[in-house]
Each structure stands twice: as structure tokens, then as C-alpha cells.
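Below you'll find the structure, written out as C-alpha cells, and then a few comments.
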Ligand code: FAD
Ligand code: SF4
């Protein structure tokens, strides 16, 4: 007899949750592969394969530990292909008195589960808190006050570091006397550190690739027969320790670097196990902190890395619950253009974009500066509709889940919320991209040229953006200076740059 059915979502593979601390024969755990999740956006094939593989592994582990588990594969004849319909069906079939779930991290899913739980004709359900973030869901209002209009990552980060006592001295000061070591970080790659060693994992993707093909699931990108993501706690722990020992030393220093032909640089590649909740953020933070205290990694690298996880990751998740869905359709710059078709092929002569997009299609991964300053920057300068940009980012990355993808894309990258998440639009011309990397040397366009058909499109598009949004940009002290310098240029100079931008925009599909 089953007393309670407990739904485990595909991105909630947290072995440490209190649910699993004891075996209860009257509880049945259910995991399901469903079309409602494979189809709500077109996903990269590696994303779907990775999540299903990780779910199957988790179900096997639970069973081996003595828990009762029901696993619905995508082709199970009993599968109703929706999370809620499956819960309804299974409760009826097994005569279950109640069901429960850990609060979903995506609003879309949480609302569907809440609606089922409150349906008088449905089985009674109740949520429990998840334990895989640093701040419980119920406490988010204390950290992100509803009455605030703007939120500041830096203030949030300092408060949370104090609260959790991360990199803090006994007297309550930040370790090393500073909160931020950005001035020591963010160089271009100069070869001073060799490319680090990485562990390799080898997940057999073939059965799930065949399943997706047989079921007619539409996906994007490529998928080799074996995948290289850490999908179990043991593998995640191996990935973490190799990162700490071999890679962290160069993290901050090369965090914003772009290198032709190098897709990982000194990044951790931990977002997938973190977002599937195979790896807890505090485990990662404490491991990095320990490396500093043991003299194995410099403070600037460790602080820079911890800032990403304790700071940006938790901040984005908090703002997702604060601003979504109220801001979901905001469009501050009224951008309405489609994404150029080469975002799905990588077939562009702009080397930096071709590399970032091709790599994303091949691997389902791009590092932060590629997402923010290459693809995101281009989409913003070219006036692409935020909804189109959001759909692309939500689909293409293996680590993409709306709670972290949306604030990063809509807010940080496209500034579509008018600055509620980030204090300025992240825009840059070719000069920045050339300073941070070496793509330009192999590009069909000339980074130093501002005008003409051969000029780097980022250059004129940057000023085109500044020109068309000058009135709102002038009100933002963080970006007003380049606007004023643009307005001081001669009419002829401005007209030549704008004409070049118009030319590039008119030929955007063949850039
Ligand atoms: P590292 O560079 O090694 O950073 C370490 C960890 O810090 C990451 O694993 C991640 O958990 C966290 N982190 C770093 N930056 C951010 C950030 N801005 N927001 C939240 N967490 C951060 N991250 C996702 O996890 N999923 C997404 O769907 C996603 N979409 C993005 C879309 C855009 C337009 C932009 C600009 C950024 C996006 N990010 C997203 C944030 C960041 O780019 C990725 O977390 C990072 O590239 C993942 O690679 P990594 O694990 O090697 O990260
Ligand atoms: Fe990118 Fe412009 Fe450099 Fe080409 S010249 S790689 S388009 S920044």
C-alpha cells in the first residue's frame, strides 16, 4: 500500500534532501520523462540526453538504497506525457492518499503543481522545501524586498557572505581586507598558465538519442555517442576537486578571456551538476575557500569564483522569483528583430560569433563572456526581440533552466527590464572583444575599422545602439559618457558610422 507519492523533478537530483534520509516502504518516489518538458522550448539534444541520463542514474541509486521508485520512460505506454497528468493517473492507479513535491525552481512547473494540488477533484498534494540553494524559498522576501525597485548584486553578496561566514576573518572583515578583487582579474589569456587538465566522463548517449528520435522529439545541436558531463555525486566531486586543484588558480585572472579554438579556458563547467542539484553550492564554495586557507589558490581567484556562485547564482535565482513573471515580457528598448538564422548554424564570417555559436551547437556549453559579450552583446546591438533571445538561450545550453537563464538573458544581457537586475546595458564594440581575445586576427572583418563593408560590425552597431537609445542612456550615469562623446562627434562622422551600421543590419543574414 502506498501512503504517499513523491514527485522528483529532473533538475532536483539532490541526494541530501531530508526525503531520502530514511527508507519508508509506504512512500513511492516517481521520476518521469515527459513531452511537456522536452517540448516547452526547442532544447539542445545534449540537454535532454544529459537530464534523462542523470534522472535514470538517480532512480537506480534510490532503488539500490531500498527506496520504492516508479520511473516513467518517455515511451512508457502508461506515460501521460505531462507531470501533472502522470501524478493524477498514478495516484488513481495506486490508490494513493496524498502526493508531494519539492518546490519547483521554475515558475511554470511550480504553478502547474500548485494548481493540481488545489484541484478539488485531484489528489491532495503539498509542497516541501528544497534544500539545494543557499537561501530557503520562504526567506527570499527578506533578501529581495518586494518594495525595492532596484537590487544590487554587490550588497546582496556581502550580506550573504557575512551570513554564511564565507571568506570572513574572525573580526568580521572580508578576508584580505577587500570584498572584491576584480582589479587583479579579467585579463586576456597571455599563456602564463598552461591549459589545465580536466577529468573526462563517458556517458553512453546512444539509448536516449534513439529514444528521442523514435518519439519524434525536436531538438537542436549535435550529440556525440558519449557525453562528458559529471552526472553522479562521485563524478561531480571528481570534477570539483580537479577544478580546485588544477584550474581555480587561473579562474579570476582569465575569467573574461576569449581564446580562438579554446572553449573552456579556466572555467569550472560545474553549472550542469549544480543546476541538476547533483552538487550543492555550499560544497563548491567551501572547497574553494579551503584551497585559499591551505595556500593552494590565490585569494583573487577564490573570491572571484565564490562571487559567481554565492553571489551571481543566488542573486539571479532570488530576482527570478521577485521579478518573474511581472517583468517577463518587458522590452525596455522596444527591440523587435528576429535572431539571424546563423544563430542556429554558426555560419557567419564574424569569427567571435562563429566560434561561440558553433561551440554551443557542438557542446551545449559556452562560457560567460561568450554568452554575455559575444552572442548577447550582438543580439542587443542588433535590436533583437528579447523573447527570441530568451528562447535561444533557454534551449541551447545544457545548464539552461529558466530561474537562472531568464534573469541572465532578459535582465543582465538584454537589459529588457530597464535595469532592475543590472545597473547598465552590457554593450561593447570590437575594441573590447579584441582586447579580451584573439579572434579578430582570423576574422573576415577589420576590428580597427569603424566604417565600410569590411569594418567589424560590432563597431558601427555599438554607435547605432547608442544613437537610437541616446535619450534613455543619457539618464544612466554608468553609460552616459560614451553617449556624450558620440554626440560631440561631427555630423559627417556620425552619418558615416550610422550608414555602415544600416548596411550591416540590412545584410545581417549574410554577415
Ligand atoms: P564558471 O565561469 O566556472 O562559474 C562558476 C559558476 O558560477 C557557474 O557554474 C554558475 O553556477 C555560477 N555563475 C557564474 N556566473 C553566473 C551568472 N551570471 N548567473 C548565475 N550563475 C552564475 N548560467 C546557468 O547556469 N544557466 C543558464 O541558463 C545561463 N544562461 C545565461 C545566459 C546569458 C545571456 C548569460 C550572460 C549568462 C548565463 N548564465 C547561465 C551564467 C553563466 O554564463 C553560466 O553559469 C556559466 O557560463 C556556466 O559555465 P561554468 O560552470 O563553466 O561557469
Ligand atoms: Fe568579432 Fe569584430 Fe573581431 Fe570579427 S573583428 S572577431 S566580428 S570583434
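In our numbering, the protein residues as written are 1 to 511. Even for Gly, the Cβ is constructed at its ideal location relative to N, Cα and C.
Residue i Cβ short of 8 Å to the ligand FAD heavy atom set
i: residue 180; result: no
Residue interval of the beta strand (DSSP E) (run including residue i)
i: residue 98; result: 98-102
i: residue 5; result: 4-7
i: residue 31; result: 27-32
i: residue 265; result: Unbroken run through residue 265: none, as it is neither H nor E.
i: residue 71; result: 68-72
Segment limits, alpha helix (DSSP H) that includes residue i
i: residue 430; result: 430-436
i: residue 127; result: Note, residue 127: premise wrong, no alpha helix (DSSP H); beta strand (DSSP E) at 125-128.
i: residue 61; result: 45-64
i: residue 393; result: 386-396
i: residue 509; result: Segment: none, residue 509 is in no alpha helix (DSSP H) and carries neither H nor E.
i: residue 466; result: 457-468
i: residue 247; result: Looking at the DSSP string, residue 247 is not in any alpha helix (DSSP H), and its letter there is neither H nor E.
i: residue 93; result: 83-94
i: residue 488; result: 480-488
i: residue 380; result: 377-381
i: residue 281; result: 281-293
i: residue 351; result: 351-363
i: residue 111; result: 107-118
Sequence-distant residues of its chain with Cβ nearer than 6 Å to residue i (five each side left out)
i: residue 425; result: 415
i: residue 379; result: 389
i: residue 372; result: 413 and 426
i: residue 117; result: 125
i: residue 98; result: 4 and 124
Neighbourhood of residue i by C-beta, 8 Å cutoff - its chain only, sequence neighbours within 5 removed
i: residue 310; result: 134, 157, 160, 161, 164, 166, 281 and 285
i: residue 420; result: 149, 150, 151, 319, 323, 327 and 411
i: residue 487; result: 470
i: residue 212; result: 38, 45, 48, 49, 74 and 219
i: residue 349; result: 443, 444, 445 and 511
i: residue 502; result: 464
i: residue 259; result: 189, 265, 437 and 438
Residue i Cβ short of 8 Å to the ligand SF4 heavy atom set
i: residue 439; result: yes
i: residue 457; result: yes
i: residue 447; result: yes
i: residue 434; result: yes
i: residue 379; result: no
i: residue 257; result: no
i: residue 32; result: no
i: residue 55; result: no
i: residue 153; result: no
i: residue 444; result: yes
i: residue 505; result: no
i: residue 261; result: no
i: residue 286; result: no
i: residue 430; result: yes
i: residue 91; result: no
i: residue 350; result: yes
i: residue 361; result: no
i: residue 299; result: no
i: residue 353; result: yes
Cβ-based neighbour list, residue i, same chain, cut-off 7 Å, excluding 5 preceding and 5 following
i: residue 81; result: 34, 35 and 36
i: residue 446; result: 454, 455 and 456
i: residue 103; result: 110, 127, 129, 130 and 137
i: residue 321; result: 140
i: residue 144; result: 151, 318, 319 and 322
i: residue 15; result: 233
i: residue 181; result: 252, 299, 300, 303 and 304
i: residue 566; result: This structure does not reach residue 566, given that the chain is present from 1 up to 511, and the question cannot be answered.
i: residue 473; result: 466, 479, 480 and 483
i: residue 451; result: 460, 496, 497 and 500
Neighbour flag for residue i against chain D, beta carbons, 9 Å
i: residue 218; result: Included in the structure is just one protein chain, with no chain D present.
Pull every residue with its beta-carbon under 6 Å away from any heavy atom of the ligand FAD, and keep them in chain order.
267, 268, 269, 270, 271, 274, 275, 308, 309, 312, 313, 316, 367, 368, 371, 372, 376, 393, 397, 399, 400, 404, 405, 408, 409, 412 and 413
Should the segment 468-477 be regarded as contacting the segment 407-417, the criterion being three or more beta carbon pairs within less than 8 Å?
no
Are the segment 212-225 and the segment 243-261 touching, with three or more C-beta to C-beta distances below 8 Å?
no
Inter-stretch contact (C-beta, 8 Å, three-pair minimum) for the segment 249-258 and the segment 177-194:
yes
Three-pair Cβ contact test at 8 Å for the segment 166-182 versus the segment 341-358
no
Okay, do the segment 199-209 and the segment 18-27 touch, 3+ Cβ pairs below 8 Å being the bar?
no
Between the segment 389-405 and the segment 267-280, do at least 3 Cβ pairs fall closer than 8 Å?
yes
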